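Notes for the one structure printed next.
Chains as they are written, first to last, in the numbering used here: chain A, 13 to 266; chain B, 58 to 276.
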């Protein structure tokens, strides 16, 4: 992989639901080790971008390519193998955690490594325990999700994604469903992952957090990328009127 | 009260239950449930032809009497050259019947599992089939135990209809002894009591199963 080749490049992504054009034409380049914050008003298409990258939605048009993989062109016939090749490069952390309620914390984490990646159960368990220790949940390994707080569940959700060792971690508003006092513990984990150079795309409304951890902020509105760049530039000194209004609204809601 | 007859008739009836009613119920329920899963998956497949076939099947099964279904298979099919013995006829009829009802239960149970669970399966690399087996069905099972238990209990009682196609089971024993002794009231109440006990056992089995499947849900 040449140093200039991005880990992920998406060009001209389009997606409509019925008559609503959610993504008009999205370009996105993400370098290895980069943390990208995807911000914008609700309905701007941020989550849909994330879901397209993970194969949870199939774009109507555009191209998605991971380094070392094929450039998958959407709009025509996309083979199952192609779309799966995309899916396996990334893992999603969901807004509502989506843990498997009938499995313990440990079982949630090793399910993918053991059932899909065919790793030895023993190794997968050792890895899971190490990761759980890192997010401070070692003693919760045999609990069922319903016994955990939202913040704990989301940390398990993050570990479940990490356990697959994906090239790219996708966070879909990871703290939006949390009580305010639990947001910090999840953001701390994400910040640590950033320091460890995990490549991440984070859809978030936490602008202060975005400014702190992101290398790049992408501001979306109405299905297009309005502007992108360094967090200080986009969030403190936006070039575009739409960005300015959005940032103002979040900073001064009343 | 003819205590002697009560005693001597009890064993043939119980043995009819143990060697007829129960195996017939278990076999039909197992086959019916497997078939029901296929029908339910066809129904929610999103493929017009498959879901149409499934819908038609459920409609026919639920819209016609079980006794008629049983007679079509045992007395009807021979006239087009297909003769099936009483036991297999009964198992076929009951399985097909259970499948019609259980398919709707399973369909609703599968649809009751939040969409996010499918997505979580997807994101950790699972195929749809693996997600169904490992993630969706275990959760659907919890929801479907009470209605499926109803179906099973109905089935146990409905197997008495097999007496009409010469299957030796609990009720056929009762009928034969009653015809011989003319003690209809006592013998049919005795049969009813044995069915009732069978169903009580099933109900307690249902409670135990529900408890087990509820262990991961907040109370």
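All C-beta atoms in this analysis are idealised placements derived from N, C-alpha and C, irrespective of residue type, glycine included.
Just so we're clear, the structure is a prediction, and the values are computed from it rather than from any experiment.
Check whether residue i and residue j have beta carbons under 8 Å apart
i             : j             : result
residue 231/A : residue 202/A : no
residue 180/B : residue 66/A  : yes
residue 117/A : residue 195/A : no
residue 36/A  : residue 163/A : no
residue 75/A  : residue 23/A  : yes
residue 201/B : residue 162/B : yes
residue 182/B : residue 100/A : yes
residue 233/A : residue 52/A  : yes
residue 25/A  : residue 71/A  : yes
residue 118/B : residue 153/B : yes
residue 220/A : residue 243/A : no
residue 156/B : residue 96/B  : yes
residue 6/A   : residue 102/A : Outside the shown range of chain A, which is 13 to 266, sits residue 6/A, and nothing can be said about it.
residue 157/A : residue 196/B : no
residue 109/A : residue 46/A  : no
residue 50/A  : residue 61/A  : yes
residue 180/A : residue 20/A  : yes
residue 227/B : residue 217/B : yes
residue 176/A : residue 129/A : yes
residue 271/B : residue 123/B : no
residue 166/B : residue 93/B  : no
residue 81/B  : residue 147/B : yes
residue 189/A : residue 132/A : no
residue 84/A  : residue 96/A  : no
residue 199/A : residue 187/A : yes
Residue i Cβ short of 7 Å to the ligand COA heavy atom set
i             : result
residue 184/B : Absence of the ligand COA from the depicted structure is noted, as is the absence of any ligand whatsoever, leaving it without description.
Outcome for residue i when other beta-carbon atoms lying within 10 angstroms are tallied against a minimum of 16
i             : result
residue 158/B : buried
residue 111/B : buried
residue 13/A  : Reliability fails at residue 13/A, whose pLDDT of 45 lies under 50, so the model's placement of it is uncertain and no value is given.
residue 261/B : exposed
residue 171/A : buried
residue 164/B : buried
residue 58/B  : exposed
residue 60/B  : exposed
residue 207/B : exposed
residue 77/B  : buried
residue 147/A : buried
residue 29/A  : exposed
residue 149/A : buried
residue 247/B : buried
residue 255/B : buried
residue 87/A  : exposed
residue 140/B : exposed
residue 56/A  : buried
residue 199/B : buried
Continuous alpha helix (DSSP H) stretch holding residue i: start and end
i             : result
residue 242/B : 241-270
residue 263/A : 253-263
residue 99/B  : 79-100
residue 179/B : 172-180
residue 169/A : 162-174
residue 73/A  : Note, residue 73/A: premise wrong, no alpha helix (DSSP H); beta strand (DSSP E) at 73-78.
residue 237/B : 227-238
residue 158/A : Residue 158/A -> no alpha helix (DSSP H), and no H or E assigned at all.
residue 59/A  : 58-65
residue 104/B : No alpha helix (DSSP H) holds residue 104/B; DSSP gives it neither H nor E.
residue 203/A : 192-207
residue 219/A : 219-225
Span of the beta strand (DSSP E) around residue i
i             : result
residue 141/A : That residue, residue 141/A, is in no beta strand (DSSP E); its alpha helix (DSSP H) goes 133-146.
residue 32/A  : 32-42
residue 214/A : 212-215
residue 232/A : 228-233
residue 26/A  : 20-29
residue 61/B  : Counting along the chain, residue 61/B falls outside any beta strand (DSSP E), though it belongs to the alpha helix (DSSP H) covering 60-73.
residue 241/A : 236-241
residue 51/A  : 47-51
residue 182/A : 180-184
* To do: List in chain order: all unbroken alpha helix (DSSP H) runs of 4+ residues lying wholly within the segment 85-124 of chain A.
  => 92-99 and 117-123
* To do: Decide yes or no for the touch test of the segment 250-259 of chain A against the segment 73-93 of chain B: beta carbon pairs closer than 8 Å, at least 3 of them.
  => no
* Determine, using beta-carbon pairs with one atom in the segment 91-103 of chain A and one in the segment 163-172 of chain B, whether at least three such pairs fall under 8 Å. => no
* Does the segment 122-139 of chain B touch the segment 187-198 of chain B, meaning 3 or more C-beta pairs lie closer than 8 Å? -> no
* Ranges of the alpha helix (DSSP H) found wholly within the segment 106-147 of chain B, counting only runs of at least 4 -> 123-128
* Within the chosen definition, does the segment 222-234 of chain B reach the segment 238-248 of chain A through at least 3 CB pairs nearer than 8 Å? -> no
* **Length-filtered (4 minimum) alpha helix (DSSP H) runs lying within the segment 187-225 of chain B** => 194-215
* Counting Cβ pairs, one atom from each stretch, are 3 or more of them under 8 Å apart for the segment 84-97 of chain B and the segment 236-246 of chain B? -> no
* Are the segment 214-222 of chain A and the segment 129-139 of chain A touching by the rule of at least three beta carbon pairs closer than 8 Å? -> no
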